[in-house]
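Just below is one structure, and these are the notes that go with it.
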Amino acid sequence: MKTKFYFLCISLIIVSCNSDLSVDTPYYLECLECLEMTRPVDSYNFPVYPGQEAWESFTSSNEMNDALQIPSSFLKNISTQAVIQSIWEHPLLRELFFLGNGQYQKDFEILFLNNNAYLELANRNDAGESLLYRYECVKPFALNSPCFESKLIELLISQPIFLSQLDMDAKIRIVEIAFNNDNEIQNNSKWSNIARPVTWLLIARTMFSADYAPFIETLNGNSELKNFLEGWLPPVESTDNDSEDDLLISNEPQGVIYMLYKYDDIIIKDIINYGKRFINK
47 MKTKFYFLCI SLIIVSCNSD LSVDTPYYLE CLECLEMTRP VDSYNFPVYP
97 GQEAWESFTS SNEMNDALQI PSSFLKNIST QAVIQSIWEH PLLRELFFLG
147 NGQYQKDFEI LFLNNNAYLE LANRNDAGES LLYRYECVKP FALNSPCFES
197 KLIELLISQP IFLSQLDMDA KIRIVEIAFN NDNEIQNNSK WSNIARPVTW
247 LLIARTMFSA DYAPFIETLN GNSELKNFLE GWLPPVESTD NDSEDDLLIS
297 NEPQGVIYML YKYDDIIIKD IINYGKRFIN K
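All you need for this note's numbering is the position in the sequence shown, starting with 1, plus 46.
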């Protein structure tokens, strides 16, 4: 029942946030605004997406999941970039951020761990390389709003199965891109607190995958850093001294409220400092 409620709430929010799209407009067009590469010609087109009458008729998470599964015969015969595109364009993607509870890894697994497109990607030997190429082609912002698909790529490439496919040069390149994105994001205070933690998570996991000794040594003695590496942030606890700006990122016209999550400044400084040493070593 909890899962059913979770997915249905998500679907309603996504519909409201895409209300400017015509029901005849392919859902993926909005997802391409921050992608500086051509959509793969063999990409899958989901038969239903937010804004359509069929989408609004879903009454259970099972119905929704069944409609969003890609035929296995199709998946097996498309390029790896097309597989990534099907995850990128997944109609429920933005649930990871719209109703986030600070548990990025857990929410990612709820949505994708049993998704057949993700399972197909996990079986591709060139998945890590393809994700890195995609990461280089994604802008962190689109139309002055954070590119949630960019955050998805960071969560995807931070999974150990994909990082393990990459050599040291590739891992250094990931951290370089992450820092470039972080520099751009931090200049936009409206969105920085929901966008930056995923980037820090990627930097930390990449150093861990590279077995970067200085970072590993610090990690072994820091339980909070280990929790962060697992993709978890505790929510901000309100106090009498907190202003609304301390607790909320924004209250958008669509009615979506982005909650802040707290993170230890020392932990973040460690990740950033070790990350800079990692790419310059």
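Note that beta-carbon positions come from the ideal geometry of N, C-alpha and C, so glycine has one too.
Just so it is clear, the structure is predicted and the values come from calculations on it, not from any experiment.
I'd like the span of the alpha helix (DSSP H) that includes residue i, first residue to last.
i: G174; result: A173 to E182
i: P86; result: Premise fails: P86 is in no alpha helix (DSSP H) and is neither H nor E.
i: R219; result: M214 to Q232
i: D112; result: S107 to L114
i: A259; result: A259 to N266
i: L121; result: S118 to L121
i: Y164; result: N162 to A168
i: F104; result: It is not in any alpha helix (DSSP H) - F104 carries neither H nor E in the DSSP assignment.
i: R323; result: D311 to N326
i: V129; result: T126 to W134
i: L138; result: Neither: L138 is in no alpha helix (DSSP H) and is coded neither H nor E.
i: F208; result: P206 to L209
To which residues does DSSP link residue i through a beta bridge?
i: W278; result: Q149
Assign residue i to buried or exposed, taking buried as 16 or more other Cβ atoms, counted over all protein chains shown, within 10 Å of its Cβ.
i: K122; result: exposed
i: S196; result: buried
i: G227; result: The sequence given here places Asn at residue 227; Gly does not occur at that position. Buried.
i: G277; result: buried
i: P206; result: exposed
i: G97; result: buried
i: A163; result: buried
i: D291; result: Only weak support is given to the placement of D291: the predicted model assigns it a pLDDT of 42, under 50, and the value that follows is read from those uncertain coordinates. D291 comes out exposed.
i: G267; result: exposed
i: T329; result: In this structure the chain extends from 47 to 327, so residue 329 is not present and cannot be described.
i: I312; result: exposed
i: R323; result: exposed
i: K327; result: exposed
i: T84; result: exposed
i: E135; result: buried
i: T105; result: exposed
i: K315; result: exposed
i: Q127; result: buried
i: P137; result: buried
Given 8 Å, three or more beta-carbon pairs between the stretch 206-218 and the stretch 166-174 | With the cut-off at 8 Å, the stretch 206-218 and the stretch 166-174 touch.
Mind the definition here: the stretch 127-140 touches the stretch 81-95 only if three or more C-beta pairs lie below 8 Å; say whether that holds.
-> Short answer: they touch.
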